[in-house]
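Taking it in order: structure first as structure tokens, then the write-up.
Residue numbers (our numbering): 5 to 565.
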């Protein structure tokens, strides 16, 4: 069977689009488990490229041996099953944490590779087979291959835009993967149905096997709950969830962005602050609010809008501006977290730095609150010297910049670099850890206050008092001075030891082990049965082909006589 240029171009277009859709989805699927950082993006891209390269090699070898519609159909069907496997592995593999400490990068590469490498190999096998079935002679081979490569690139572009701008927000990551798997199965079955075989029975058996394995996989995923969305709302930025809980005897609603509980909201009392850093904020701005009850404040990150609502309730004449990059987060705050539709809080769903650099007036704010750091995912462009200068430009002469960050006391590399960076711009910088045992705590929240004027700290409650200057300087001196700039802000590298501490060393509890073992046994049994069935079918097909070839040979010999 030979392909015309249109069929070949369409096939590689669709295949490359599916590859890029899975690659974009991968970054969102892993976010609730291992976060989003330069490390995860680098690993996803590297794994998909490595798998594609291996697939190109294997596909080329298979194409030279036996390029056929049947081979292409088999690759598509196997790729469909590999995409289904993503939905299982991504749920359980992240819980398999070694009992011994290993480098974070090794674990991230192993996890992402275990989930996404096999599908990328199968995606990579398609183009060489299509080229083999398209090129019939050396004449015009350059033009034919060039068209196929161009169609592949166009498919990659289309898949990237479709996933990033539309599919993930519309369907959610799991349904996108299921849709890709279904499309691959449809392509595979189509080619298995049209292939030339010595027996129609073998073709139908292959189709029946592929459909049965796919249907069984979908049924198993549905029964185990792996097809259910994990997010109340999945956006291009976060997996957003809201849950009810009790904190300090109060019923509150938690806003969870990916892995982090971002805020606690008391729907009946907007003045209640459950998070310690929010109470520190409230305590630190008290002298400012006493002088000027009509506060001008900018929030970098809205989250659950807990502190903006607190200020709206306690200082009703204030001008409050929120820069929240994700419209989905703002909408959830309206729907689930008590933010009124007619609130006086002014929200801009745009990156905070863009808003501050291009749409704000100098000397506009009494206070700027930084609350855009999500778990261990730190937007590097909001930590740099240049950004601190923008903050300083927007603050009034006696204004204060309050920001909370996460780091680990035993490590502290990011905190030291960030404080050193702020000290290059602001004359006065103070740091308040969330616990008195911060030096020994693997994960600590710090509230950092920066101003050009001396900070008024005498009124602070003991729990909100910053570190003495000499203690802070001694801690900063443990690392060589490092200034974060737009050109060089390696925040992911600085945070890597803290992320490692959060994962290792950990041991799996018996209940988790039992749960994983049961799932592995069930899914493993299904896979083993499927593999055995494929092997039996392949052996029978090979024997049938040999008999067919022998009969053709005997017929040819008889005809010559």
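Cβ coordinates follow ideal geometry from the N, Cα and C atoms, glycine included.
Check                                                                                                                                                                              : Outcome
Alpha carbon to alpha carbon, how far is residue 243 from residue 264?                                                                                                             : 10 Å
Can you list, in chain order, the residues of its chain with a C-beta nearer than 7 Å to that of residue 384? Leave out the 5 residues immediately preceding and following it.     : 493 and 495
To the nearest angstrom, report how far apart residue 6 and residue 72 are at their CA atoms.                                                                                      : 8 Å
Please report the Cβ distance between residue 374 and residue 423, rounded to the nearest whole angstrom; I am assuming they are in contact, meaning their Cβ atoms lie under 8 Å. : That pair is no contact at about 13 Å.
So, at 7 Å on beta carbons, what are the nonlocal neighbours of residue 395 in its own chain, with the 5 sequence-adjacent residues on each side left out?                         : 372 and 405
State the Cα-Cα distance for the pair residue 60 and residue 17, rounded to the nearest angstrom.                                                                                  : 16 Å
Quick one: Cα of residue 505 to Cα of residue 446, how far?                                                                                                                        : 7 Å
Quick one: residues in its chain with C-beta nearer than 6 Å to the C-beta of residue 454, no 5 flanking neighbours on either side, listed in chain order?                         : 405, 426, 430 and 433
Does the structure place the region 183-193 close enough to the region 75-86 that three or more beta carbon pairs sit under 8 Å?                                                   : yes
Among 269, 550, 363 and 353, whose alpha-carbon lies nearest the alpha-carbon of residue 252?                                                                                      : 269
Start and end of the alpha helix (DSSP H) containing residue 323?                                                                                                                  : Run containing residue 323: none in the alpha helix (DSSP H); it sits in the beta strand (DSSP E), 323-327.
Rounded to a whole number of angstroms, what is the C-alpha to C-alpha distance between residue 14 and residue 155?                                                                : 7 Å
Are residue 410 and residue 448 close, meaning C-beta to C-beta below 9 Å?                                                                                                         : yes
Residue 448 lies in the beta strand (DSSP E); which residues open and close that run?                                                                                              : 448-455
Classify residue 352 as helix, strand or coil using the three-state DSSP reduction.                                                                                                : strand
Quick check: the Cα distance between residue 634 and residue 256, rounded to an integer number of angstroms?                                                                       : No statement about residue 634 is possible, as the shown extent of the chain runs from 5 to 565 and does not include it.
Please classify residue 19: is it buried, with 16 or more other beta-carbons within 10 angstroms of its beta-carbon, or exposed?                                                   : buried
What does the Cβ neighbour count give for residue 497, buried or exposed, with the cut at 16 atoms within 10 Å?                                                                    : exposed
Taking buried to mean at least 16 other C-beta atoms within 10 Å of its own C-beta, is residue 321 buried or exposed?                                                              : exposed
Since I believe residue 306 is in contact with residue 347 (beta carbons under 8 Å), could you give me their beta-carbon distance rounded to a whole number of angstroms?          : About 11 Å; that fails the 8 Å criterion.
What does residue 254 pair with, by DSSP beta-bridge criteria?                                                                                                                     : 251
Would you list, in sequence order, the uninterrupted alpha helix (DSSP H) runs of no fewer than 4 residues that lie entirely inside the region 5-36?                               : 9-33
Tell me which residue opens and which closes the beta strand (DSSP E) that residue 404 is part of.                                                                                 : 399-411
When the Cα of residue 356 is compared with those of 337, 338 and 377, which residue comes out closest?                                                                            : 377
Measuring only the C-alpha atoms, how far is residue 402 from residue 477?                                                                                                         : 24 Å
In three-state DSSP terms, what is residue 153?                                                                                                                                    : helix
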